[in-house]
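Trainee: Below: one structure in structure tokens.
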Amino acid sequence: MREWTRDERYRVLHSPDEIRELYDRVKLSPYRQTYHVQPITGLSSDPNGFALHKGVWHLCYQWCPWGAVHGLKYWYHVTSPDLIHWKNEGIGLAPDRDYDNKGTHSGSAISVGEELVFFYTGNHRDENWVRTPWTCAAFLNAEGKLEKLPEPLFGPRPDYTEHQRDPKVIYNKARGRYYIFLGAQSADKRGCVLVYSSEKPLEGWRFEGELKVPGFERLGGMWECPYVVNISGTDVLIFSPQYTTLPGRGASTNHNVYMLGKMDFDTLTFTPEGGYHFLDYGFDFYAAQGAANVPDPDKAILVGWIGLPDNHYPTEEEDWEGSMSLPRELRVRDGKLLQTPISGVEQLRSDEPIRLGFLPSACEMQVNVPAGDFDLNLFTRDDGSGGLRLHYDEKTRTCTLDRSGMDKRFNTNVFEVLDVPLEEPLSSLRIFIDRSSAELFFNDGEAVFTTHVYPTEREHGFEITPDAPFRLWKLEKSVTDEFVV
Ligand code: FRU
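So the sequence shown is numbered by my numbering: it starts at 1 and just counts up by one.
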């Protein structure tokens, strides 16, 4: 693993020429994704600024151009007509002001009439490396570029620590007000959410208070990327608590959870109905963000980062890592959250015939799972050994996924084996494999499991036991992956 000095990590990008060679090299990697948004070079982490505006989906991601390292963060901007085909637009936000001198950190977007407005965290550090997080704004200008407001909207609260970031804006129609949910850490190191509101998106913001979430006053030391979305009348609080381990999640201290409940803007209380659930049971999923301006009140659309903070991935050696998840549709049915792959993704299915027993490097697989115990091994070697192994135990209704059999192992000290507890018996699997990721949807959306995988040349088989009806399609490329900076 390469050691980076602070100067290297926080180097400013002055010209695209500085990363052209790196791009040419990264592009050759066999692990480049083909239908997932990924960084042109370096590291991509959180999805940012996700919204539908004038028929175009805008999405940005946290980007560090120089390599697979968390250093000076930019927003990189991509657009799509359908959430399936993605085009690179270049840098969205660069850390070029004093108030964001050490990073344009995570944030969101919302389309308001003719305007698409963005909110982000300006990560300022002084010469003693003391941090001041500013909540800043930008808008999409006539050239289709993000243009910053001259000054931040507001600064940090003195009664919370330096961890105050990730403004997610929502509009509350009934109250005629915009709300910002800001991830924070209290002075006594509790993870929490600060709420601000304004009548107008780009001015007049006032602090409303800390969001109360009864029963969850101590769930980790920082809540990153929090927000509330209403789906079919149920409020869903989504956030990424960190600095704590959680049952069933190995040694990981970064999680992405949701709670169903009721949001009361009068008392600033989110009352959960039941406990928290994992948004994704996989090894690599974090900082998910829902799109703004989704026209259908019965669904939300969500993208997560395939990756975790503090973790290391094999493509670090190639100076890039991370990708966005496939966008997902979230619905609430019978008091439960269902997550399904973005509709329309079927159009990527190719007519090309599949080689018997051979897993294409970008494919979709659907399996009708018979009753009883069940095994599905993906990326096995010719002799059937190794791979990403899924075992379903009917008695406990638990799927166990084990990636320790893969040639390329990573984050072994965090976890290599995880369980997916199901409420219903396992009856169906829908699996999306790209060159360095796998996303498994269980029982039409009851649970999802996302993981990075880096199969070597000899890992391309699969085995289903007992035999079960399945379908397999190669998927076509849908991200342009062009050098646009
Ligand atoms: C989450 C996060 C955010 C922050 C961003 C910086 O992964 O730590 O809280 O804004 O990443 O890249």
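Where is the CB? At the ideal position from N, CA and C, for every residue including glycine.
Among residues of its own chain, excluding the 5 on either side of Gly304, which ones have a beta-carbon nearer than 6 Å to its beta-carbon?
Mentor: These residues qualify, in order along the chain: Phe285, Ala288, Ser325.
Trainee: Can you look up Pro201 in the DSSP assignment and give me helix, strand or coil?
Mentor: Correct three-state label for Pro201: coil.
Trainee: Would you call the region 446-456 and the region 43-55 in contact, with 3 or more CB pairs under 8 Å?
Mentor: Short answer: they don't touch.
Trainee: At the level of alpha carbons, what is the spacing between Gly71 and Val12?
Mentor: Going from the Cα of Gly71 to the Cα of Val12 covers about 10 Å.
Trainee: DSSP state of Gly372, grouped into three classes?
Mentor: Looking at Gly372 - three-state DSSP - the assignment turns out to be coil, as it is neither helix nor strand.
Trainee: Contact criterion: CB-CB distance below 7 Å. Does Thr267 meet it with respect to chain C?
Mentor: Considering every chain present, this structure includes no chain C. It has just one protein chain.
Trainee: Rounded to a whole number of angstroms, what is the C-alpha to C-alpha distance between Arg333 and Arg165?
Mentor: Cα to Cα, the separation comes out at about 32 Å.
Trainee: Compare the C-alpha of Val229 against each of Lys168, Gly176, Trp205, His255 and name the closest.
Mentor: Of the listed residues, the one whose Cα sits closest to Val229 is Lys168.
Trainee: Nearest-angstrom Cα distance between Val130 and Pro158?
Mentor: Rounded to whole angstroms, Val130 to Pro158 spans 14 Å at the Cα level.
Trainee: On the three-state DSSP scale, how would you describe Leu338?
Mentor: Reduced to three states, the DSSP call for Leu338 is strand.
Trainee: Taking the Cβ atom as the reference point for each residue, do Glu210 and Ser29 lie within a distance shorter than 7 Å?
Mentor: Going by C-beta atoms, Glu210 is not nearer than 7 Å to Ser29.
Trainee: Reducing DSSP to helix, strand and coil, say where Gln347 ends up.
Mentor: Gln347: helix per DSSP, three-state reduction.
Trainee: Around the Cβ of Thr465, are there at least 16 other Cβ atoms within 10 angstroms (buried) or fewer (exposed)?
Mentor: Classification for Thr465: exposed.
Trainee: Could you check where the alpha helix (DSSP H) with Leu22 kicks off and where it finishes?
Mentor: It spans 17-26 - the alpha helix (DSSP H) in which Leu22 sits, taken as one unbroken run.
Trainee: For Ser232, which option in Asp296, Pro241, Val257 has the closest C-alpha, if you only look at C-alpha atoms?
Mentor: That would be Asp296, whose Cα lies nearest to the Cα of Ser232.
Trainee: What is the DSSP secondary structure of Gly445, counted as helix, strand or coil?
Mentor: Here Gly445 sits in helix by DSSP.
Trainee: Which residue marks the beginning of the beta strand (DSSP E) containing Glu318, and which one marks its end?
Mentor: Note, Glu318: premise wrong, no beta strand (DSSP E); not H, not E.
Trainee: Please identify the residue among Cys399, His460, Ile433 whose C-alpha is closest to the C-alpha of Gly387.
Mentor: Gly387 has its Cα closest to that of His460, out of Cys399, His460, Ile433.
Trainee: Given a threshold of 16 other Cβ atoms within 10 Å of its Cβ, counted over all protein chains shown, does Phe462 qualify as buried or as exposed?
Mentor: Per the 10 Å Cβ criterion, buried.
Trainee: When the Cα of Ala423 is compared with those of Trp57, Ile40, Thr398, Met365, which residue comes out closest?
Mentor: The residue you asked about is not Ala; residue 423 is Glu in the sequence shown. Checked all of Trp57, Ile40, Thr398, Met365; the closest Cα to Glu423 is Thr398.
Trainee: Going by DSSP, name the residue or residues bridged to Thr465.
Mentor: Per DSSP, Asp375.
Trainee: Is any heavy atom in ligand 1 found nearer than 6 Å to the beta carbon of Glu321?
Mentor: It does not: the Cβ of Glu321 is nowhere closer than 6 Å to a heavy atom of ligand 1.
Trainee: Are Trp63 and Tyr99 close, meaning C-beta to C-beta below 7 Å?
Mentor: No.
Trainee: Identify, in the order they occur along the chain, each residue of the same chain with its Cβ nearer than 6 Å to the Cβ of Gly103, setting aside the five sequence neighbours on each side.
Mentor: Leu72, Lys73, Pro95, Asn123, listed in sequence order.
Trainee: Using DSSP bridges, identify the partner residues of Ser186.
Mentor: Beta-bridge pairing links Ser186 to Tyr160.
Trainee: To the nearest angstrom, how far is the alpha carbon of Asn88 from that of Gly113?
Mentor: Answer to the nearest angstrom: the Cα atoms are 25 Å apart.
Trainee: Within 8 Å, do at least three Cβ pairs link the region 430-441 to the region 31-43?
Mentor: The region 31-43, when compared against the region 430-441, does touch it at the 8 Å Cβ threshold.
Trainee: Along the chain, which unbroken stretches of the beta strand (DSSP E) at least 3 residues long are found entirely within the region 49-73?
Mentor: Those beta strand (DSSP E) runs which fall completely within the region 49-73 and span 3+ residues are 56-64.
Trainee: In or out: Gly248 buried (at least 16 other Cβ within 10 Å) or exposed?
Mentor: Exposed, since its Cβ has fewer than 16 Cβ neighbours within 10 Å.
Trainee: In the DSSP assignment, find the unbroken alpha helix (DSSP H) run with Arg6 in it and report its ends.
Mentor: 6-9 is the span of the alpha helix (DSSP H), which, as asked, contains Arg6.
Trainee: Beta-carbon separation of Asp402 and Val417 under 7 Å?
Mentor: Contact: yes.
Trainee: Locate the beta strand (DSSP E) running through Met406, then write down its first and last residues.
Mentor: Element bounds for Met406: n/a, residue is neither H nor E.
Trainee: Please confirm whether any heavy atom of ligand 1 lies closer than 6 Å to the CB of Ser325.
Mentor: No.
Trainee: So, helix, strand or coil for Asp419, using DSSP?
Mentor: Correct three-state label for Asp419: strand.
Trainee: Are there 16 or more other CB atoms within 10 angstroms of the CB of Ala174, so buried, or fewer, so exposed?
Mentor: Classification of Ala174: exposed, given that the 10 Å Cβ count is below 16.
Trainee: Would you mind reading off the limits of the beta strand (DSSP E) that contains Trp86?
Mentor: Where Trp86 is concerned, there is no enclosing beta strand (DSSP E), given that its DSSP letter is neither H nor E.
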